[in-house]
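Engineer:
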Amino acid sequence: MCESHSDPAVVLALAFDPYRQATVAYERSETIGRAEALIALVGACPDVRVRRRGDLDWLVFLDSDTGLDDQPVSSYVRRPRVLARLGASTASLPVAAGVARVADLPGLPVDRLIRLADAALGEAIGAHRSTVFADVQTLERVAAAVTVASRLAAAGEDEFVVHHQPIVELGDRRIVGFESLMRWSTDDGLRLPADFLEVAEQTSMIVPIGRHTTERAIADLAEVIIPRYGDDAFVTINMSIQELVAEGNDPHLAGVLRRHGVNPANVWIELGETQVITADGQTAAVIGDLHDLGCTICIDDLGAGFSALRYVFDLPVDVLKVDRSLISALGAGGTANAVVRAICGIARGVGATLVAEGIENEETLTRVDALGFDLGQGYLLGRPAPLTGATD
């Protein structure tokens with residue numbers, strides 16, 4: 001291993017087997033041995049130093065970032081898994097990397113670069129990404145996330161409230177249901193999910209928070225929405241992967257429906273497109289169970305990545321909500337029109353209800369109506385608000 005003591009040009013913080021997948025498959029000692037063999041290959045490269053910090057955690061220092069893509073170490077920052085020949089076999093070991101480059105962060109001492117690489121590694125693991133490159137805001141983002149996590153842990157259930165956005169029948173603009181949207185009421189004001197949802201998911205606090213707001217949304221459905229809008233009125237509830245897994249291990253929704261006397265068909269379970277794309281067998285089974293319970297399964301933000309359409313055939317999908325980015329681009333040329341028409345054709349083919357999100361003006365409303373959408377939501381039709389404001 002190189003013993004040069006010059007300041008590095010690049011610092012990598014590596015965590016082998018960050019989700020302990022290999023440790024489950026092999027003995028821990030074997031996993032550690034594989035990591036040691038891999039890091040030995042890296043440390044043998046010119047102008048590379050390595051420092052061990054734990055059984056599966058290492059720092060790698062590169063004295064130059066020139067030709068970094070040509071270095072064997074670049075495999076750690078370019079691929080989600082590292083392959084190396086160990087003895088007579090080829091072994092695969094997952095790795096997450098945080099990278100701090102002097103070129104991106106000039107003038108910082110080595111200890112600061114290490115902190116930034118560690119912070120980037122934390123972001124990579126939290127976001128299930130193979131690599132995150134540090135920037136000048138990395139420490140601020142991590143510190144802010146820690147602050148949010150602490151405040152979430154100390155928050156009471158009643159701080160999390162539900163706002164409702166109307167969903168309307170496009171033909172006559174009659175309100176037929178509402179999307180329930182989580183809000184966090186703090187001393188600083190009302191915070192939107194973008195401010196805290198990612199941290200809540202990373203810390204698993206999304207499960208108790210989600211169950212509380214689900215109960216509140218279904219209570220609103222039983223007590224106000226159905227009496228006011230009829231027996232077929234519904235609410236939509238967004239569920240994360242963690243909430244689906246928790247539902248499979250400890251069913252909660254059926255009990256909530258029984259307590260409030262609500263027909264499961266009046267509850268739409270909204271699943272984001274990315275969730276559907278990455279759904280494993282366990283998650284798919286829970287989706288099937290919720291459908292068997294009688295709930296309506298809805299894919300939300302469809303078309304944001306143009307990649308979930310095949311899951312319409314693999315999962316029991318009843319409703320397709322087309323992403324606002326596509327809806328707002330209708331009439332502007334490009335591919336949006338073609339993609340939306342394709343989604344409409346698939347929906348009609350499988351008998352799914354079509355919902356257009358993000359309707360903000362009359363021109364867009366006219367376009368989605370002409371395309372054959374059944375329902376719509378957006379600021380033109382009603383903004384998210386507490387139940388009284390949403391229904392007046």
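Position 347 of the sequence shown, counted from 1, bears residue number 347 in UniProt numbering, the numbering being contiguous throughout. The C-beta atom is built at its ideal place from N, Cα and C for all residues, glycine as well. Here the structure is a predicted model, which means the values were calculated and not measured.
1) Could you tell me which residues DSSP pairs with Asp-61 in its beta bridges?
2) Going straight from the alpha carbon of Met-205 to that of Asp-111, what length do you get?
3) Please go through the same chain and pick out, in chain order, the residues whose beta-carbon is closer than 6 Å to the beta-carbon of Thr-236, but skip the five residues on each side of it.
4) Counting C-beta neighbours from all protein chains within 10 Å, is the total for Leu-14 16 or more, i.e. buried, or is it exposed?
5) Thinking C-alpha only, which one of Gly-351, Leu-302, Glu-215 is nearest Leu-257?
6) If you draw a straight line from the C-alpha of Pro-251 to the C-alpha of Val-317, how long is it?
7) Considering only the alpha carbon of each residue, which of Ala-338, Ala-329, Val-350 lies closest to Val-319?
8) Just to confirm the assignment: which complete alpha helix (DSSP H) runs, minimum length 4, are found wholly within the segment 114-172?
9) Here's the rule: buried if 16 or more other CB atoms are within 10 angstroms of the residue's CB, otherwise exposed. What is Arg-85?
10) Spell out a yes or no on whether the segment 108-127 and the segment 148-162 are touching, meaning 3 or more CB-CB pairs, one atom from each, closer than 8 Å.
11) Mind the definition here: the segment 50-57 touches the segment 27-40 only if three or more C-beta pairs lie below 8 Å; say whether that holds.
12) Out of Thr-131, Ser-64, Val-339, which has the shortest C-alpha to C-alpha gap to Val-95?
13) Can you give me the start and stop residues for the alpha helix (DSSP H) that Arg-348 sits inside?
14) Between the Cα of Leu-330 and those of Leu-293, Leu-315, Ala-356, spot the shortest distance and give me the residue it belongs to.
15) Roughly how far, in whole angstroms, is the beta-carbon of Ala-143 from the beta-carbon of Ala-117, given that I think they are within contact range, below 8 Å?
16) May I ask you to verify whether the segment 353-370 touches the segment 136-156, counting CB pairs closer than 8 Å and requiring at least 3?
17) Compute the Euclidean distance between the alpha carbons of Leu-83 and Leu-93, then round it to the nearest angstrom.
18) What's the gap between the Cα of Arg-141 and the Cα of Arg-115?
19) Just to confirm my understanding: we take Asp-369, look at its own chain, exclude 5 residues before and 5 after, and list those with CB closer than 7 Å. What are they?
20) So, with DSSP's three-state summary, where would you put Ile-359?
Structural biologist: In short:
1) With the sequence shown as reference, residue 61 is identified as Phe, and Asp is not the correct amino acid for it. DSSP, once it has assigned bridges, lists Val-11, Arg-49 as partnering Phe-61.
2) 32 Å
3) Glu-179, Trp-268, Glu-270
4) buried
5) Glu-215
6) 20 Å
7) Val-350
8) 138-154
9) Because the pLDDT at Arg-85 is just 37, under 50, the model does not fix this residue reliably, and the value given afterwards should be weighed accordingly. It counts as exposed.
10) no
11) yes
12) Thr-131
13) 336-350
14) Ala-356
15) About 16 Å; that fails the 8 Å criterion.
16) no
17) For Leu-83, the pLDDT reaches just 38, beneath the cut-off of 50, and the residue's location in the model is therefore unreliable, although a value from the coordinates is still provided. Distance between the alpha carbons of Leu-83 and Leu-93: 7 Å.
18) 13 Å
19) Leu-170
20) coil
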